[in-house]
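S.K.:
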Amino acid sequence: MNEQNLESKQSIVSEISEKIKSSESTIIVEYRGLKVSDITELRRQLRAEGVDFKVYKNSLSQRAAVNEGFEELVEALKGPNAMAFSDDAIAPSRVLAKFAKKNKQLVLKSGIVEGKVINFETIMELAELPNREGLLSMFVGMLQSPMSKFAYALSQIAEQSGSVSEEEVTETVEEVAEVEATVEAEEKVVEAEVTPEPEVVEEVAVVEEVAETEAVVEETVVEEVKEETAE
0 MNEQNLESKQ
10 SIVSEISEKI
20 KSSESTIIVE
30 YRGLKVSDIT
40 ELRRQLRAEG
50 VDFKVYKNSL
60 SQRAAVNEGF
70 EELVEALKGP
80 NAMAFSDDAI
90 APSRVLAKFA
100 KKNKQLVLKS
110 GIVEGKVINF
120 ETIMELAELP
130 NREGLLSMFV
140 GMLQSPMSKF
150 AYALSQIAEQ
160 SGSVSEEEVT
170 ETVEEVAEVE
180 ATVEAEEKVV
190 EAEVTPEPEV
200 VEEVAVVEEV
210 AETEAVVEET
220 VVEEVKEETA
230 E
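Those letters in the sequence shown? Residues 0 to 230, by numbering that gives the first Met the number 0.
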């Protein structure tokens, strides 16, 4: 019996360890005082955002945290705790923070985001960021905006995904600036090429019209002289 119990505990520790390793974000909360209906609603909201909400025995969660090198979380893993796991670095913080505003019993304690331990303040900062789709929309919208805003959009996506370094962001911004400068220069060249030279056709038409008028006047004068001579 004890052996089976030990194997069961080891299995749970392995499960927690795997979730910590495979998740972009792991947030620890205390749910003391929440009603069962409140927890059920919280689970529903988290599930809608792809967040897995689990309750484990603290001793097992602590062991898993230590095994993964996050000894700092041991203190947070005391009391009636639950852990939220997600592939999205922001979603757990956003959903939990929003729920906690209306349900004061839910306490945001600590967590891990992209391999780094974070505190309550950082959780709240993450909660203010838009989701991945929102960031991508912002990125697209910034493509035609001033370079400073464009760089900001890139840096925000880099912070969330962890796949773009600051140097790569700088290089990308510089490349875009060069492309914009090249396009602007080419547009000026094209404008110069398509700008028509001053039309000489109109001048020729005017000259011809004047010549015709003078010819008519001259002919009229000659006819008048002939008539006077005949008289």
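Using N, Cα and C, we set each Cβ at its ideal position, and we do this for glycine too.
Since the model is a prediction, treat every value here as computed from it, not as a measurement.
Three or more beta-carbon pairs under 8 Å between the region 110 to 124 and the region 53 to 61, yes or no?
M.R.: No: the two stretches stay apart, fewer than three of their Cβ pairs being nearer than 8 Å.
S.K.: Hey, G49 and D86 are a contact pair by Cβ (cut 8 Å); roughly how many whole angstroms apart?
M.R.: In the sequence shown, the residue the question calls residue 49 occupies position 50. In the sequence shown, the residue the question calls residue 86 occupies position 87. Indeed they touch by this definition, with Cβ atoms about 7 Å apart.
S.K.: What's the call for N4, buried or exposed, on a 16-neighbour Cβ count within 10 Å?
M.R.: Within the sequence shown, residue 4 is the residue found at index 5, counting from 1. N4 is exposed by the Cβ-count criterion.
S.K.: Please classify T39 as buried or exposed, where buried requires at least 16 neighbouring CB atoms within 10 angstroms.
M.R.: The residue you call residue 39 lines up with position 40 of the sequence shown. The residue is exposed, with fewer than 16 neighbouring Cβ atoms inside 10 Å.
S.K.: With DSSP as the reference, label V112 as helix, strand or coil.
M.R.: Locating residue 112 in the sequence shown gives position 113, where the first residue counts as 1. V112 falls in the strand class under three-state DSSP.
S.K.: At the 8 Å Cβ level, is L72 part of the contact set with chain B, yes or no?
M.R.: Within the model displayed, chain B is absent; a lone protein chain is all it includes.
S.K.: Between which residues of its own chain and I15 is the CB-CB distance below 7 Å, once the five residues before and five after are set aside?
M.R.: Residue 15 sits at position 16 when you count from the first residue of the sequence shown. Closer than 7 Å at the Cβ level, and outside the excluded window around I15, lie Y55, L59, S60 and A63.
S.K.: By a C-beta neighbour count over all protein chains shown, 10 Å radius and 16 as the cutoff for buried, is R93 buried or exposed?
M.R.: Locating residue 93 in the sequence shown gives position 94, where the first residue counts as 1. With 16 or more Cβ atoms within 10 Å of its Cβ, R93 is classed as buried.
S.K.: Taking 8 Å as the threshold (C-beta atoms), are K18 and F84 in contact?
M.R.: For this step, residue 84 is matched to residue 85 along the sequence shown. For this step, residue 18 is matched to residue 19 along the sequence shown. In this structure, K18 lies closer than 8 Å to F84 by Cβ.
S.K.: From the DSSP output, in three-state form, read off S22 for me.
M.R.: As a working note, residue 22 is residue 23 in the sequence shown. In this structure, S22 counts as coil in the three-state DSSP scheme.
S.K.: May I ask you to list the residues that DSSP assigns as paired with A83?
M.R.: Translated into positions along the sequence shown, residue 83 becomes position 84. The partner list for A83 (beta bridge, DSSP) reads I26 and F52.
S.K.: Leaving out five residues before and five after G78 in sequence, what residues of the same chain have Cβ atoms less than 8 Å from its Cβ?
M.R.: In the sequence shown, residue 78 corresponds to position 79, counting from 1. So the list reads E29, R31 and N57, once near-sequence residues are dropped.
S.K.: Quick check: the Cα distance between S21 and A88, rounded to an integer number of angstroms?
M.R.: Locating residue 21 in the sequence shown gives position 22, counting from the first residue. Locating residue 88 in the sequence shown gives position 89, counting from the first residue. C-alpha separation (whole angstroms): 12 Å.
S.K.: Would you decide whether N80 is buried or exposed? Buried here means 16 or more other CB atoms lie within 10 Å of its CB.
M.R.: Walking along the sequence shown from the start, residue 80 turns up at place 81. Buried: at least 16 other Cβ atoms inside 10 Å.
S.K.: What is the rounded straight-line gap between the Cα of E127 and the Cα of R46?
M.R.: Numbered from 1 along the sequence shown, position 128 holds the residue referred to as residue 127. Numbered from 1 along the sequence shown, position 47 holds the residue referred to as residue 46. Taking the straight line joining both Cα atoms gives about 20 Å.
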